[in-house]
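A short worksheet on the structure shown next.
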Amino acid sequence: MVVAAMMVTMNVNAQDEKNEIGVFYGVGSASNIFSAISSAFSAAAGDQSSWWGPIGAEYYYHLTPGVAVGGVLAYASCKAEDDKTKQKDLSETFITVMPSVKFNWLRKKNFGMYSALSAGVMFASVSVEGAAKTADPNAKDETVTRFMFQATALGLEFGGNLRGFVEAGLGEKGTLCGGLRYRF
Numbered sequence: 012m013v014v015a016a017m018m019v020t021m022n023v024n025a026q027d028e029k030n031e032i033g034v035f036y037g038v039g040s041a042s043n044i045f046s047a048i049s050s051a052f053s054a055a056a057g058d059q060s061s062w063w064g065p066i067g068a069e070y071y072y073h074l075t076p077g078v079a080v081g082g083v084l085a086y087a088s089c090k091a092e093d094d095k096t097k098q099k100d101l102s103e104t105f106i107t108v109m110p111s112v113k114f115n116w117l118r119k120k121n122f123g124m125y126s127a128l129s130a131g132v133m134f135a136s137v138s139v140e141g142a143a144k145t146a147d148p149n150a151k152d153e154t155v156t157r158f159m160f161q162a163t164a165l166g167l168e169f170g171g172n173l174r175g176f177v178e179a180g181l182g183e184k185g186t187l188c189g190g191l192r193y194r195f
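In terms of this note's numbering, the sequence shown opens at residue 12 and continues consecutively.
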C-alpha cells in the first residue's frame with residue numbers, strides 16, 4: 012500500500028502544470044465564411060466588407076499528460092460598407108462558447124503536438140443599416156443561436172510555461188490560428 016501511494020504521489024508531482032490559459036487569433040473561421048455567403052445574397056452584396064477575428068481565449072485542465080478538457084470563447088465580427096456612400100450597411104457579431112477536449116500526442120519539455128475537438132453554441136447578431144435597409148425594406152435585425160464547432164487536426168506548441176502555438180483546423184477558431192498559452 013505504501014509503495015502504491017508513493018507511485019501515485021510521484022505521478023502527480025511529475026505533472027505540476029495541470030492548468031493552461033491562452034489567447035488566440037484565427038483566420039478563415041466558420042463565421043467569416045458565413046458572413047461572406049450571407050452578404051453575397053443580401054442587399055449589401057458587392058459592398059466592401061471587413062472581418063475581425065476570431066479572437067478569443069481558452070482554458071484547459073490536464074486530466075492526464077495526454078488528455079485535457081476545457082473551453083473556448085471566441086469573438087468575431089463583420090462590417091459591410093456601401094461602396095458609393097461609404098456608410099455602414101451591415102454589422103454582424105459572433106460570440107461562440109464551446110467545451111473542448113485536447114489530445115496531446117507528443118509532449119516534450121519545449122515542444123508539443125496535439126489535436127483538439129470543440130463543440131458548442133454560437134450567438135450571432137445581424138444588424139442592417141443605411142442603404143441596405145433602404146434597398147430592402149423587409150430587411151430586419153436578427154439574433155440567432157446556432158451549433159458551432161472546431162476540429163483542430165494539428166496543433167504545434169513551443170516554449171516553456173509560456174508557449175506559442177499554431178493550429179490548422181476547421182471551425183470557429185479558423186483554418187489557421189495562432190496565439191500564446193501559459194501553463195501553471
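Ideal placement from N, C-alpha and C gives every residue a C-beta, glycine not left out.
Query	Result
Answer with buried or exposed for Leu-101, where buried requires no fewer than 16 other C-beta atoms within 10 angstroms of its C-beta.	buried
Cα separation between Glu-168 and Thr-75?	18 angstroms
Given Glu-31, which residues of its chain have a CB within under 6 angstroms of its CB, disregarding the five upstream and five downstream residues?	Tyr-71, Arg-192 and Arg-194
Can you name, in chain order, every residue of its own chain whose Cβ lies under 6 angstroms from the Cβ of Ala-135, other than the five neighbours on each side?	Phe-105 and Val-155
For the beta strand (DSSP E) holding Glu-31, just list the boundary residues, first then last.	30-38
By Cβ distance below 6 angstroms, which residues in the same chain neighbour Phe-122 in space, the five residues on each side in sequence not counted?	Phe-169
Can you give me the Cβ contacts of Asn-172 inside the same chain, cut-off strictly under 8 angstroms, excluding the 5 residues immediately before and after it?	Glu-28, Tyr-193, Arg-194 and Phe-195
Three-state secondary structure (DSSP) at Asn-43?	helix
Within the same chain, show all residues whose beta-carbon is closer than 6 angstroms to that of Glu-178, passing over the 5 residues directly before and after it, in chain order.	Thr-163, Gly-166 and Cys-188
Hey, quick one: how far does the beta strand (DSSP E) through Leu-128 stretch, first residue to last?	122-139
Using 10 angstroms around the beta-carbon of Arg-157, count the other beta-carbons present and answer buried if the total reaches 16, otherwise exposed.	exposed
Here's the rule: buried if 16 or more other CB atoms are within 10 angstroms of the residue's CB, otherwise exposed. What is Glu-183?	buried
Could you compute how far the alpha carbon of Tyr-36 sits from the alpha carbon of Ala-87?	10 angstroms
If you check the beta carbons only, do Gly-64 and Ala-47 fall under 8 angstroms apart?	no
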